[in-house]
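The structure under discussion appears below in the form of structure tokens.
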Ligand code: NCD
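In my numbering, the protein residues as written are -18 to 303.
Here it is in structure tokens:
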């Protein structure tokens, strides 16, 4: 496959690309872990720690973020590069003076080597990529997509379950507005025998573009409303937050509290299944920190950690490799 220049949506990913990123991320992860362990008395022969020396990452965040921005920035610094940017582009960039996204991109692309863009409008990353001289990574565009999240989600499924083919994945919550589940659903169509179960309030169902895509790719999916029916029968429970900021108060009130994973619900899950969540989790997961630490089925903190290794692999892929 031709090398990807921009990372905009998960339809761009094929199995070869995913294997390459996962292979790189695994190497980086094991090296990072062993470096920690042997910090003072052992140096690995190969070190990724300066592979992006002299490169600059630009964080351009028009919406709030914790994991995505910190992990991209940490990834760049760990690879020997530098970081500039704003986590509040709506407040502290020329947007306040009325500058368009296209203009901002045509300015900042001279100042760095990759732009991590989070924006509240669907399609913003695609628009930016048209005008950018450097790679754009879509770090979330409104209700659109979040492709680097999907990379870490798939990597986590592979690592935790041992495979992605033939897994049964339940996506729960706000499937209409959640960009993580949209991106993940698209990408799962690349795998064999995957089955998807969508569980959501009626007014927050997975949109038709995804369902059509799944039908075209012969991916089995169903839409259910009962959590108790679904939980015992899947490998992955992928929980999501109600995207309050993307819906009316009425829509929010109708959906609030509808789907909650608490400790009794957790007990309904298969013993080898995993509970994932892109985070931040708010009221849809009610599990004590003690249980979170002790029940191996709870994977969302390991999932977030994987974001670091995946983003290191992705930055190396875009900026270093041939
Ligand atoms: C998600 C996002 O921004 O889409 N967060 C993240 O990057 N892990 C999920 C969310 O905000 O609900």
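A virtual CB, placed ideally from N, CA and C, is assigned to each residue, including glycine.
Everything numeric in this text was worked out from a predicted model, so none of it was measured.
With a cut-off of 8 Å on Cβ pairs, the segment 118 to 130 is not in contact with the segment 260 to 269, counting fewer than three such pairs.
For the pair residue 244 and residue 13, the Cα-to-Cα distance works out to about 33 Å. One alpha carbon belongs to residue 66, the other to residue 278, and they sit about 37 Å apart. Straight-line measurement puts the Cα of residue 239 at about 16 Å from the Cα of residue 229. For residue 257, no alpha helix (DSSP H) segment is defined; the enclosing uninterrupted segment is the beta strand (DSSP E) at 255 to 257. With fewer than 16 other beta carbons inside 10 angstroms of its own, residue 35 counts as exposed. Separation of residue 297 and residue 48 (C-alpha to C-alpha, rounded to the nearest whole angstrom) is 19 Å. Spatial neighbours of residue 90 in its own chain (CB-CB distance under 6 Å, excluding positions within 5 residues in sequence) are listed in chain order as 113, 114, 115. With contacts defined by Cβ atoms closer than 9 Å, residue 129 and residue 157 do not form a contacting pair.
Rounded to the nearest whole angstrom, the C-alpha separation of residue 133 and residue 37 is 23 Å. Judged by DSSP secondary structure, residue 280 falls outside any alpha helix (DSSP H); it is assigned neither H nor E. For residue 221, the distance from the CB to the nearest heavy atom of the ligand NCD is below 8 Å. Note on residue 215: 16 or more other CB atoms within 10 angstroms of its CB, so buried under the neighbour-count rule. Between the ligand NCD and the CB of residue 100, the shortest heavy atom gap is not smaller than 8 Å. For residue 13, the three-state secondary structure derived from DSSP is helix. Here DSSP, grouped into helix, strand and coil, assigns residue 185 to helix.
Between residue 149 and residue 185, the CB-CB gap reaches or exceeds 9 Å. Counting only the Cα atoms, residue 131 lies some 11 Å from residue 284. Residue pairing by DSSP puts residue 66 in a beta bridge opposite 40. A check of alpha carbon separations from residue 11 across 295, 300, 290, 44 identifies 290 as the nearest.
Closest by C-alpha distance to residue 136, out of 41, 242, -10, 281, is 281. Inclusion of residue 301 and residue 33 in the CB contact set at 9 Å is warranted, their separation being smaller than that value. Nearest to residue 62 by C-alpha distance, out of 52, 30, 246, is 30. Within 8 Å of the C-beta of residue 104 there is not a single heavy atom belonging to the ligand NCD. Taking a C-beta distance under 9 Å as the contact criterion, residue 58 and residue 95 do not qualify as a contact pair. When the beta-carbon positions are compared, residue 72 and residue 109 stay at least 9 Å from each other. In this structure, 56 is the residue among 56, 74, -7 with its C-alpha nearest to the C-alpha of residue 292.
Under the DSSP definition of a beta bridge, residue 179 partners with 152, 204. Using a Cβ distance threshold of 9 Å, residue 70 and residue 92 do not count as a contacting pair. In the displayed model, residue 260 falls within coil according to three-state DSSP, outside both helix and strand. In the three-state reduction of the DSSP assignment, residue 199 falls in the coil class.
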